[in-house]
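Residues 78 to 203 (the working numbering) are what the sequence shown spells out, left to right.
C-beta atoms are modelled at their ideal positions from N, C-alpha and C, and glycine is treated no differently.
Everything on this sheet refers to the single structure shown next.
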Amino acid sequence: MVTELELKKWDLEHFLSYLYLTIGYADGVLLNEEVEAAKKKLRGFLLQMKPKQVVNADKVVAEVLVEIQKHSSAEKMEIIKTLSKKFEFDTEDKLEIISDLTDIVTVDDVVDLEEHKTLAYIRSVL
78 MVTELELKKW DLEHFLSYLY LTIGYADGVL LNEEVEAAKK KLRGFLLQMK
128 PKQVVNADKV VAEVLVEIQK HSSAEKMEII KTLSKKFEFD TEDKLEIISD
178 LTDIVTVDDV VDLEEHKTLA YIRSVL
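Written out as structure tokens, the structure is:
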């Protein structure tokens, strides 16, 4: 489990990666395609939000991936809730994040109930 101290060190890119990987993991399996989609979505979102800042999406996703594999579904939801208080988004950014999450959910062409629940939870927290 990520400690409170570690969460305080996480940047926006860590939070976005966590969201993107959580939705990929919602069905209990994280496919390589979902990880690659998370990296692509992270790059695109950060290019819009921080156009002058270079972020290594591969590195950030890898860091978050190591951590997220240790978390239960309940822990993931709690971390998302905690981090959502740290990072606030305007309506346009929220819609973009939800769109990104929806794209990641559909990467494997199968959308199950847990993915719907996770997406609804993230939408409500953002």
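Item                                                                                                                                                                               : Value
How would you call E111, buried or exposed, if buried means at least 16 neighbouring beta carbons within 10 angstroms?                                                             : buried
Could you name the residues of the same chain whose beta carbon sits closer than 8 Å to that of A115, not counting the 5 residues immediately before and after it, in chain order? : S94, Y97, L98, G101, V138 and I181
Can you give me the Cβ contacts of M154 inside the same chain, cut-off strictly under 7 Å, excluding the 5 residues immediately before and after it?                               : Y198
In whole angstroms, what is the alpha-carbon distance linking L107 and L142?                                                                                                       : 10 Å
Along the chain, which unbroken stretches of the alpha helix (DSSP H) at least 4 residues long are found entirely within the stretch 112-164?                                      : 134-145 and 150-163
Throw me the rounded Cβ distance for the L203 and W87 pair, which I believe falls under 8 Å.                                                                                       : Contact flag wrong, Cβ pair sits at about 16 Å.
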